[in-house]
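**Student:**
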Amino acid sequence: MPISIVVPQLGESVVEGTVSKWLKQVGDRVRKEEPLVEIQTDKINVEIPSPAEGVLQAITVLEGATVPVGTEIGVLSGTAADAAAAVAALQPPAGPQAPPGLLAPEPARASERAPSVAVVRAPEPASAAPVSDPGAAESQGDSTRSGNLSPAVRKLMREQGVALDELASISGTGLAGRVTRDDLLEYLKPRAPRSAAVARGLPPAGAPVVAPAVEAAPVTEPARGGAAPGAAAVTVAPAVPLPGLVPGPRVSTAGAPSGPREEIVPFSKVRKLIAENMVRAKHTAAHTHCFDEADMSAIVALRKEWAPRLQAQGVKLTYMPFFIKAAVLALREFPWVNGEVRGETMVVKRYYNIGIAVGRDEKGLIVPNLKDCDRKSLVQLAAEVNDLAARARADRLNPDEIAGGTFSITNAGVYGAVNSAPVIHVPEVAILGVHKIAERPVVRDGQIVVRPMMNAAIGFDHRVVDGELAVKFLRRVCELLERPELLWFYA
Amino acid sequence: MSGVLTACHLGPTPYREGLALQEGLVRLRAESIAAGETGPGDWLLFPDHPPVLTVGRGGSETSLRVTRGALERLGIELVEVSRGGDITWHGPGQLVGYPIVDLARRGRDLHRFLRDLEEALIDALERWGVSARRAPGRTGVWAGEEKIASIGIAVRNWVSYHGFALNVAPDLEFFDLIHPCGLRGIHMTSLAARLGPRAPALGEVRRDVAAMVSRRLGYRRVRWAAAGEVRRWVAGAAAVPVENTADSPAA
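If you read the sequences in order, they're chains B and H.
Note that the working numbering gives residue 982 to position 33 of the first sequence, counting from 1, and the numbers run on in steps of one.
Note that the working numbering gives residue 190 to position 30 of the second sequence, counting from 1, and the numbers run on in steps of one.
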């Protein structure tokens, strides 16, 4: 029976591991307890010993891939008989030039790690033996035609899992009817989309998959020395990047009609951090929200007047610097909102590092903060906000820019939201949500007039910030936005 | 468990020699565990490495900020090692510690082991008035926004090796050669940078760190061994534990 090599339990809080290095190649014989593969988690690299004596039959998760604990990453032929059969199949007695480890996938380069190469393991067909390398089969004197195969053709056959006896069905256009690389490519054409679909449907964990590719790549003659009962057939999928197999978290929405209806996308590191932070925030802070609105006429006018001037100086003026200014002034007035819960204490901070939530499509949300906003002019804030957001999108933030925030602002308005109930960026105790500025009818002095209005929201931790405080704070922010001259008098 | 952690100041040790000693001890420890014997027991080695850069399994040369040629001119070797983590620097003024510890007896919990080591270093730093902390998702020990200790562990047969590097008073400019731990814009700090003339000597920190590691990992006491004992163990000579050893004051 083949034995699964799995990522073992590595600790209570360890949920996944990264295959950092395979110490053995497919086809290598290993002793029980002999180091087989290295798995890295956090900053620990663990050598995983072989669970039994045998031959490494397949590597299902390649170096660089991160998989959950318990995932099968390779297959070992377990018993001595299996091992012998596998070795016999791999090393034909008459073939001194048979390449060792011929089932081994192309070594993954750093640039094209796991997802581009897939090794698909089929369930155990009773009489199946590993797919032989054309070169190896040739050395067994198997075919008269195979002797004329060029190295390029052999390589392609190996990559595409084309068995030698399949060649009979290909009409060769080369010298004396020999099969050329072009012939083989032509022959493989109808297969290509199929294998791509198979590869797309592969669970990222690299679990065994019953692959249609197996029937398309029939197995060669039974292993010498009798059939190998229980020896698993191994199909080496194309080592070239397949169309449609896009590494990374992007979910293809093209929806090829023949494609799978679901796609499994493993969490990226950033996504995992976001998930952990969000759950921690929701589990620790007593989230409460309240809402207000601001007449943005003055700010809209100010921006209209100043944006072109600042543009000439190379600074793009958005609304965010105004929000930061208003928030900082209100925070100075309500210091309790600019704090942190630490154990059973409340830390009130007299510095104002304002976090800005930056959406980055599939790369995931990040909240870098601008330090000491109370000491910066509006123009300075404008320049720094732009720089910070640009670097956040380009993954060029310094670690200290994502730590040490005291209060955050999130602008869901850039995507069109008119209101939201934002999640606190813990351990901060409050977050300001700003939204789309839209012209709405409002009543002024008994008259209905049209004004650019914006809803504002505050998410606060009711453990330490009471509703009264939150409402007053939010009102103050809106007031400062409605009457920016207050910034003159009090900032 | 015998309850004793054997600590040893190896003295000047070229990096590769230190690695060979670790691997030798790991093998002996694993064999003794398999045989149900105490063998050499658990160790905490403190080598004094000449300047060297090491790249762990999580790293690549892209974390290097200078060319290999420049490194050669500086006489700094670049060694690829099987520990976790990215690139780091070791050298004079740094307290490098290698715990060779049976993790099977510690529930095979790798994260707990990492956290225990971090907490031990934080405890030791606290003794010197440096307030340090862990940063979730970023293994190591941080003082403010700066990194003061790096950690990278390897495990073979559930015995740990490699370990931690605490900056006591190294020339921090060496870290300019690399992006430490592969993190861009990381600033490294040291006890000397934090405390100035009040900073303790390397030997004092070594003693404290051994005591704190011993305590966090739950040993009864620390036994200090001479460097010769490790070498004898690894060379295969049956080592008789040296008796004239001082227990750590805190153990």
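Ideal Cβ positions, reconstructed from N, Cα and C, are used throughout, including at glycine.
For A190(H), which residues from the same chain have a beta carbon less than 6 Å from its beta carbon, with the 5 sequence-adjacent residues on both sides left out?
**Tutor:** As a first step, residue 190(H) must be located in the second sequence, where it is residue number 30. Here the set comprises N317 and V319.
**Student:** Note down, in chain order, each residue of its chain lying with its Cβ closer than 6 Å to the Cβ of K1265(B), except the 5 sequence neighbours on either side.
**Tutor:** Here residue 1265(B) refers to the residue found at position 316 of the first sequence. Once the five neighbours on either side are set aside, the close Cβ partners of K1265(B) are N1335.
**Student:** Quick check on the DSSP output: the alpha helix (DSSP H) that includes L185(H) runs from which residue to which?
**Tutor:** Mapped onto the second sequence, residue 185(H) falls at position 25. Residues Y175 to A194.
**Student:** Below 8 Å on the Cβ atoms is my guess for G244(H) versus G216(H); work out the distance and round it to an integer in Å.
**Tutor:** Within the second sequence, residue 244(H) is the residue found at index 84, counting from 1. Within the second sequence, residue 216(H) is the residue found at index 56, counting from 1. At roughly 6 Å, the Cβ-Cβ gap stays under 8 Å, so G244(H) and G216(H) are in contact.
**Student:** So, does the CB of L213(H) fall closer than 8 Å to a CB anywhere in chain B?
**Tutor:** As a first step, residue 213(H) is located in the second sequence; it is residue number 53 there, counting from the start. With 8 Å as the cut-off, L213(H) does not count as an interface residue toward chain B.
**Student:** For the region 224 to 245 of chain H, enumerate the residues whose C-beta is nearer than 8 Å to any C-beta of chain B, in chain order.
**Tutor:** The region 224 to 245 of chain H vs chain B, Cβ under 8 Å: S242, R243, G244 and G245.
**Student:** From the DSSP output, read off the bridge partner residues of L1239(B).
**Tutor:** Mapped onto the first sequence, residue 1239(B) falls at position 290. It is Cys, not Leu, that sits at residue 1239(B) in the sequence shown. Answer is I1407(B), bridged to C1239(B).
**Student:** Output the boundary residues of the alpha helix (DSSP H) element that contains A280(H).
**Tutor:** Translated into the one-based positions of the second sequence, residue 280(H) becomes position 120. L270 to R287 is the span of the alpha helix (DSSP H), which, as asked, contains A280(H).
**Student:** Give the interface partners of E1211(B) over in chain H, defined as CB-CB distance under 9 Å, in chain order.
**Tutor:** Looking up residue 1211(B) in the first sequence gives position 262. Neighbours of E1211(B) on chain H: none; closest Cβ ~29 Å, over 9 Å.
**Student:** When Cβ atoms are compared, which residues of the region 289 to 315 of chain H fall closer than 7 Å to chain B?
**Tutor:** Residues passing the 7 Å Cβ filter: G297, T299, E305, I311, G312, I313, A314 and V315.
**Student:** Alpha carbon to alpha carbon, how far is A1075(B) from S1120(B)?
**Tutor:** Within the first sequence, residue 1075(B) is the residue found at index 126, counting from 1. Within the first sequence, residue 1120(B) is the residue found at index 171, counting from 1. Low confidence applies to A1075(B): its pLDDT is 40, below 50, so where it sits in the model is not reliable enough to give any reading.
**Student:** So which residues of chain A does Q989(B) contact, with C-beta pairs closer than 7 Å?
**Tutor:** Protein chains B and H are contained in the structure displayed, whereas chain A is not.
**Student:** Quick one: residues in its chain with C-beta nearer than 8 Å to the C-beta of G251(H), no 5 flanking neighbours on either side, listed in chain order?
**Tutor:** Position 91 of the second sequence holds residue 251(H). So the qualifying residues of the chain are H209, P210, P211, V212, P330, D331 and F334.
**Student:** Would you say the beta carbon of V1290(B) is closer than 7 Å to some non-hydrogen atom of the ligand PLP?
**Tutor:** In the structure shown, the ligand PLP is absent, as is every other ligand, since no ligand is present at all.
**Student:** Which residues, in chain order, does the region 315 to 341 of chain H contribute to contact with chain B at a C-beta distance below 7 Å?
**Tutor:** Within the region 315 to 341 of chain H, the residues whose Cβ lies closer than 7 Å to some Cβ of chain B are V315, R316 and N317, listed in chain order.
**Student:** At a Cβ threshold of 8 Å, is G960(B) touching chain H?
**Tutor:** Within the first sequence, the letter at position 11 stands for residue 960(B). Output row for G960(B): interface = yes.
**Student:** Listing by chain order, which chain B residues have their CB less than 9 Å from the CB of A272(H)?
**Tutor:** One-based indexing of the second sequence puts residue 272(H) at position 112. The question names Ala, yet the displayed sequence has Arg at residue 272(H). The contacting residues are G960, E961 and S962.
**Student:** Could you check what DSSP says for Y1300(B) in three-state terms: helix, strand or coil?
**Tutor:** For the purposes of this step, residue 1300(B) is taken as the residue at position 351 of the first sequence. In this structure, Y1300(B) counts as coil in the three-state DSSP scheme.
**Student:** With 7 Å as the limit, tell me which residues of the region 1343 to 1362 of chain B have their beta carbon closer than that to any beta carbon of chain H; keep them in chain order.
**Tutor:** Per Cβ criterion, the list reads N1347, P1348, D1349, A1352 and G1353.
**Student:** What does R268(H) reach in chain B if we use C-beta pairs closer than 9 Å?
**Tutor:** Taking the first residue of the second sequence as position 1, residue 268(H) is located at position 108. Within chain B, the residues near R268(H) are P957, Q958, L959 and G960.
**Student:** Within its chain, find whatever has a CB closer than 6 Å to the CB of A1332(B); leave out the 5 residues flanking it on each side and keep chain order.
**Tutor:** Stepping through the first sequence from its first residue, residue 1332(B) is reached at position 383. V1264.
**Student:** Please list, in chain order, the residues of the region 970 to 986 of chain B that have any C-beta partner in chain H closer than 8 Å.
**Tutor:** If the cut-off is 8 Å between Cβ atoms, the region 970 to 986 of chain B has K970, E982 and P984 near chain H.
**Student:** Let's test the definition: count the other Cβ atoms within 10 Å of the Cβ of L1051(B) and tell me whether it reaches 16, buried, or not, exposed.
**Tutor:** For the purposes of this step, residue 1051(B) is identified with residue 102 of the first sequence, where counting begins at 1. Its pLDDT being 37, under 50, L1051(B) is placed unreliably by the model, and nothing is read from it.
**Student:** Just to confirm, is the Cβ distance from V986(B) to L270(H) under 8 Å?
**Tutor:** By 1-based counting over the first sequence, the position of residue 986(B) is 37. By 1-based counting over the second sequence, the position of residue 270(H) is 110. Result no, Cβ atoms of V986(B) and L270(H) do not sit closer than 8 Å.
**Student:** From what residue to what residue does the alpha helix (DSSP H) around A229(H) run?
**Tutor:** As a working mapping, residue 229(H) is identified with position 69 in the second sequence. The residue asked about is misnamed: residue 229(H) is Gly in this sequence, not Ala. It spans R228 to L234 - the alpha helix (DSSP H) in which G229(H) sits, taken as one unbroken run.
**Student:** Cα separation between A1419(B) and T1355(B)?
**Tutor:** For the purposes of this step, residue 1419(B) is taken as residue 470 along the first sequence, with counting starting at 1. For the purposes of this step, residue 1355(B) is taken as residue 406 along the first sequence, with counting starting at 1. Approximately 16 Å between the Cα atoms of the pair.
**Student:** Run down chain H in chain order and give the residues with a C-beta less than 8 Å from the C-beta of E996(B).
**Tutor:** Counting from one through the first sequence, the residue named residue 996(B) turns up at place 47. Within 8 Å Cβ-Cβ: S242, A314, V315, R316 and N317.
**Student:** What residues in its chain sit with their C-beta under 6 Å from that of V1307(B), if we drop five residues either side in the sequence?
**Tutor:** The residue you call residue 1307(B) lines up with position 358 of the first sequence. I1315, A1338 and A1341, listed in sequence order.
**Student:** Which residues, in order along the region 1312 to 1323 of chain B, keep a beta-carbon less than 9 Å from a beta-carbon of chain H?
**Tutor:** Here the close residues number zero.
**Student:** Less than 8 Å between the beta carbons of L362(H) and L255(H), yes or no?
**Tutor:** The count along the second sequence starts at 1 and reaches residue 362(H) at position 202. The count along the second sequence starts at 1 and reaches residue 255(H) at position 95. Against a cut-off of 8 Å, the Cβ pair of L255(H) and L362(H) comes out as a contact.
**Student:** Can you tell me whether H1384(B) is helix, strand or coil according to DSSP?
**Tutor:** Position 435 of the first sequence holds residue 1384(B). Residue state, collapsed to three classes: strand.
**Student:** Using 8 Å as the threshold, is the C-beta distance between K1221(B) and L274(H) below it?
**Tutor:** One-based indexing of the first sequence puts residue 1221(B) at position 272. One-based indexing of the second sequence puts residue 274(H) at position 114. It is not a contact, given that the beta carbons lie outside the stated cut-off.
**Student:** Spatial neighbours of V315(H) within its chain, please: CB distance less than 8 Å, with the 5 preceding and 5 following residues excluded, ordered by chain position.
**Tutor:** Here residue 315(H) is taken as the residue at index 155 of the second sequence, counted from 1. Cβ neighbours of V315(H) beyond the five flanking positions: L263, L270 and Y321.
**Student:** Go ahead and pull the three-state DSSP assignment for G356(H).
**Tutor:** Within the second sequence, numbered from 1, the residue matching residue 356(H) stands at position 196. DSSP places G356(H) in helix when its eight states are reduced to three.
**Student:** Buried or exposed: which applies to G1288(B), given that a residue is buried once 16 or more other Cβ atoms fall within 10 Å of its Cβ?
**Tutor:** Numbered from its first residue, the first sequence carries residue 1288(B) at position 339. G1288(B) should be labelled buried.
**Student:** Please report the residue range of the alpha helix (DSSP H) in which Q1006(B) lies.
**Tutor:** For the purposes of this step, residue 1006(B) is taken as residue 57 along the first sequence, with counting starting at 1. Note, Q1006(B): premise wrong, no alpha helix (DSSP H); beta strand (DSSP E) at G1003 to I1008.
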